[in-house]
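J.:
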Amino acid sequence: MKRIAIRITKAITLLVIAMSICLTLVSCGGSASTPTATPISESSTSPEYEVSSQLVTPTPLMDKEIIEVQTAEFEVTTLTANPDTLTVGETTDISVDITNISEIEGTYTATLTIDNDQLESKDIVVGAGDTQQVSFTYSPVSAGTYNLELGELTTSLNALEPTLSGPAEVTITRNQTTTDFPDTIGFTLEGTSVLSVTKISLEYGTSKRSLVSEVSRVEPDYAIGNKIKASWIWQMKETGSLPPGTSIWWRWRITDVNDRLYTTPRQTMLFEDTRFNWKVESREDMDLYYHDRDSSFGQELTDGIEEKLTRIELDVDIPEDRKIQIFVYADTDEFQSAVLFLQEWTGGVAFTQYNIIVYGIRPDQLDWGKRTLAHEITHILVEEATFGPFGDLPTWLNEGLAEYAEGEMSEHYKDVLATAIINDELISVTSLCSGFPANPDKATLAYTQSSSLVTYLVETYGWEKMRGLLEIFKDGSTYDNALEEVYSFNIKGLEDEWKAYIGAI
Ligand SMILES: [Zn+2]
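Throughout the sequence shown, residue numbering follows our numbering, covering -2 to 502 in sequence.
1. Give the secondary structure of T307 by DSSP, where H, G and I count as helix, E and B as strand, and everything else as coil.
2. Which ranges would you report for the beta strand (DSSP E) in the stretch 100 to 127 if only whole runs of at least 3 residues count?
3. Going by other Cβ atoms of all chains shown within 10 Å of its Cβ, with 16 needed for buried, is I95 buried or exposed?
4. Compute the minimum distance between the beta carbon of E381 and the heavy atoms of ligand 1, and state whether it is under 7 Å.
5. Nearest by alpha-carbon distance to Q115: which of T383, E396, T106, W275 is it?
6. Taking the beta strand (DSSP E) that K276 falls in, what are its first and last residues?
7. Quick check on DSSP: helix, strand or coil for I488?
8. Tell me whether the beta-carbon of G344 lies closer than 8 Å to the beta-carbon of T369.
9. Consult DSSP for F71 and reduce its assignment to one of helix, strand or coil.
10. List the endpoints of the continuous beta strand (DSSP E) containing G202.
11. Which residues in the same chain have their Cβ closer than 6 Å to the Cβ of W342, if we skip the five residues on either side of it in sequence?
12. What number of angstroms, rounded off, separates the C-alpha of D127 from the C-alpha of T252?
13. What's the gap between the Cα of G242 and the Cα of R250?
14. Does the contact criterion of 3 or more C-beta pairs under 8 Å hold for the stretch 434 to 451 versus the stretch 393 to 411?
15. Evaluate the contact criterion for the stretch 130 to 138 versus the stretch 78 to 86: three or more CB pairs, one atom per stretch, below 8 Å.
16. For the alpha helix (DSSP H) holding R368, just list the boundary residues, first then last.
17. Checking the sheet assignment: what are the DSSP bridge partners for V413?
18. DSSP three-state call for D177: helix, strand or coil?
19. Counting contacts by CB-CB distance shorter than 8 Å, is A415 in contact with chain B?
20. Exposed or buried, Q322, counting other C-beta atoms within 10 Å across all chains shown (16 or more means buried)?
21. What's the gap between the Cα of E166 and the Cα of P217?
22. How long is the line joining the alpha carbons of I309 and V451, rounded to whole angstroms?
23. I think I419 touches G500, with their Cβ atoms under 8 Å apart; what is that distance to the nearest whole Å?
24. Closer than 7 Å to a non-hydrogen atom of ligand 1 - does that hold for the CB of A399?
25. From C430 to Y201, what distance separates their C-alpha atoms?
26. Does the separation of the CB atoms of K367 and L311 fall below 8 Å?
27. Considering E146, what are the terminal residues of the beta strand (DSSP E) in which it resides?
28. Is it a yes or a no for the stretch 165 to 179 touching the stretch 267 to 275, going by three-plus beta-carbon pairs under 8 Å?
29. Any idea what DSSP makes of V483, helix, strand or coil?
30. Let me make sure I understand the geometry here. Which of T260, E211, I121, I221 has the alpha-carbon closest to that of N172?
31. If you follow the alpha helix (DSSP H) that S447 is part of, which residue opens it and which one closes it?
32. Suppose you measure from the CA of M266 to the CA of G183; what does that come to, to the nearest Å?
33. Report buried or exposed for T75, applying the criterion of at least 16 other Cβ atoms within 10 angstroms of its Cβ.
34. What does a CB cutoff of less than 7 Å around M233 pick up in its chain, not counting 5 residues either side in sequence?
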């Protein structure tokens, strides 16, 4: 109002000045040199001058100044985003203070711009001298740094990739195994995942005795997406035979697109020969399974086994969780159908790392069956006595101890040995340290010699030294050094002494 008043004064002053000029022009008369005056009539005796209209009309400047309208003025401060760092999917509150710095109430339009895109406008009425806050909310849809702008102010907002923790959200509808004994075990997994699955793997292992935890891992074919569908078949022909009764554990690992892991609970199954209905004869250290025979069969087969095993004085205890399992098939052919990769003359096999024995007995082979049982159990006892990172025994020692458990050397073995001595066909003890011949006759001679060698050692030097020998092998030793340490002779020395014992030299 004050400014307008001043301008009105100025306008009046201008008008007064203009009128003074006019009056001057009217009073001076006679002069034709005044450019702003035009004579009405040169013939006029009393020349009169008319004031130019532009000189008498009030300047329009005065009207404009009078109708000017005042608007409110605002000051914009404190643009903030809270929080200014967040995860994609979260929301931040953006606020700004608007102060009316004029003397009239006014409306301010607050327009928030994010990365040059107008997000939202809000009209706010602010009284003269007052301050009001305007708020917005914003949820970034992707990670990055955003530039927020309102009025002359700017600030930034950081959006981070989501780092979801915890297990993948997975629903399992099928998790099972199928057995085709003795060839395959199939593993199948089905279900759904909230987030897309990027990887599925299967971990599994067996009840095999091991110094370190043995975990096998495979990555079967699977589709990437929300649907879980994976399967894998364990081919025993590729990895080696597993005996019936082996306990197998497995678990699936599922990774989703956020790198979150879901692991199915560890489950176990038995690799069973379901072709037969098994009966069981339970003893303190063993469970003997057989099929299609009277219940008396299991009892007859195991009767006297403890007595046989007392011939082997190894002082080994079988822990309860490693109780020996024995699977007795109806005959050798049936037994061979249950175990892969066997020499064709094999009648029984001890899976010493599993404490499982598998063999076949015809009804007329009960005596052989009892001897073989003692033989195979001894292999397990020797394994228990020597298990360790080394524990490498010469074959003649391992087989000789097993043969010794069977009882007195059979007449057949005595004949085989006598014939070999006469024909000078004895196999060297060094050769008997490694695997036995595939040829059945040579194999029989190898078993016979092994039996004789162990008989010589235990009957000449006793069981304490034999236990000492096994202890040295457990801790790791060459064959020569172990014998030297216990008996003061090496392999060659043993061969010489033994040959003298059996009358071969
Ligand atoms: Zn054997």
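The beta carbon of each residue, even a glycine, is placed where N, CA and C say it ideally should be.
T.: Taking the structure as given:
1. The residue you call residue 307 lines up with position 310 of the sequence shown. Reduced to three states, the DSSP call for T307 is coil.
2. As far as the stretch 100 to 127 is concerned, its whole beta strand (DSSP E) runs of at least 3 residues are 103 to 111, 114 to 123.
3. The count along the sequence shown starts at 1 and reaches residue 95 at position 98. With 16 or more Cβ atoms within 10 Å of its Cβ, I95 is classed as buried.
4. As a working mapping, residue 381 is identified with position 384 in the sequence shown. No; taking the cut-off as 7 Å, the Cβ of E381 has no heavy atom of ligand 1 nearer than that.
5. One-based indexing of the sequence shown puts residue 115 at position 118. Ranking T383, E396, T106, W275 by CA distance to the CA of Q115 puts T106 first.
6. On the sequence shown, residue 276 is found 279 positions in, with the first residue counted as 1. It spans 275 to 279 - the beta strand (DSSP E) in which K276 sits, taken as one unbroken run.
7. Your numbering for residue 488 matches position 491 in the sequence shown. Correct three-state label for I488: helix.
8. Stepping through the sequence shown from its first residue, residue 344 is reached at position 347. Stepping through the sequence shown from its first residue, residue 369 is reached at position 372. Yes, the Cβ-Cβ distance between G344 and T369 is below 8 Å.
9. Counting from 1 along the sequence shown, the entry for residue 71 is found at position 74. Residue state, collapsed to three classes: strand.
10. Counting from one through the sequence shown, the residue named residue 202 turns up at place 205. G202 -> beta strand (DSSP E) spans 181 to 203.
11. Numbered from 1 along the sequence shown, position 345 holds the residue referred to as residue 342. Taken in chain order, the residues that qualify are P437.
12. As a first step, residue 127 must be located in the sequence shown, where it is residue number 130. As a first step, residue 252 must be located in the sequence shown, where it is residue number 255. Cα to Cα, D127 sits roughly 57 Å from T252.
13. As a position in the sequence shown, residue 242 is number 245, starting the count at 1. As a position in the sequence shown, residue 250 is number 253, starting the count at 1. About 26 Å.
14. yes
15. yes
16. Walking along the sequence shown from the start, residue 368 turns up at place 371. Note, R368: alpha helix (DSSP H), 363 to 383.
17. Within the sequence shown, residue 413 is the residue found at index 416, counting from 1. Note: V413 sits in no beta bridge, so no partner.
18. Locating residue 177 in the sequence shown gives position 180, counting from the first residue. Here D177 sits in strand by DSSP.
19. Of the protein chains in this structure there is only one, and it is not chain B.
20. By one-based count along the sequence shown, residue 322 stands at place 325. Buried, by the Cβ-count rule.
21. If you number the sequence shown from 1, residue 166 lands on position 169. If you number the sequence shown from 1, residue 217 lands on position 220. Looking at the two C-alpha atoms, the distance is approximately 21 Å.
22. Taking the sequence shown and counting its residues from 1, the one referred to as residue 309 is at position 312. Taking the sequence shown and counting its residues from 1, the one referred to as residue 451 is at position 454. Cα-Cα distance, rounded: 11 Å.
23. Here residue 419 refers to the residue found at position 422 when the sequence shown is read from its first residue. Here residue 500 refers to the residue found at position 503 when the sequence shown is read from its first residue. In fact, because the Cβ distance is near 10 Å, the residues do not count as touching under 8 Å.
24. Position 402 of the sequence shown, counting from 1, holds the residue named residue 399. Within the cutoff, so yes.
25. Reading the sequence shown from its first residue, position 433 is the one you call residue 430. Reading the sequence shown from its first residue, position 204 is the one you call residue 201. Looking at the two C-alpha atoms, the distance is approximately 35 Å.
26. For the purposes of this step, residue 367 is taken as residue 370 along the sequence shown, with counting starting at 1. For the purposes of this step, residue 311 is taken as residue 314 along the sequence shown, with counting starting at 1. Between K367 and L311, the gap from beta carbon to beta carbon reaches 8 Å or more.
27. Here residue 146 refers to the residue found at position 149 when the sequence shown is read from its first residue. Run containing E146: 141 to 147, per the beta strand (DSSP E) assignment.
28. In this structure the stretch 165 to 179 touches the stretch 267 to 275; the number of beta carbon pairs closer than 8 Å is three or more.
29. Residue 483 sits at position 486 when you count from the first residue of the sequence shown. V483 falls in the helix class under three-state DSSP.
30. In the sequence shown, the residue the question calls residue 172 occupies position 175. The candidate whose alpha carbon is nearest that of N172 is T260.
31. As a first step, residue 447 is located in the sequence shown; it is residue number 450 there, counting from the start. Note, S447: alpha helix (DSSP H), 437 to 458.
32. The residue you call residue 266 lines up with position 269 of the sequence shown. The residue you call residue 183 lines up with position 186 of the sequence shown. Taking the straight line joining both Cα atoms gives about 12 Å.
33. Here residue 75 refers to the residue found at position 78 when the sequence shown is read from its first residue. By the neighbour-count rule (16 or more Cβ atoms within 10 Å), T75 is not buried but exposed.
34. Counted from its first residue, the sequence shown places residue 233 at position 236. Within the same chain, M233 has close Cβ partners P179, D180, T181, L239, L337.
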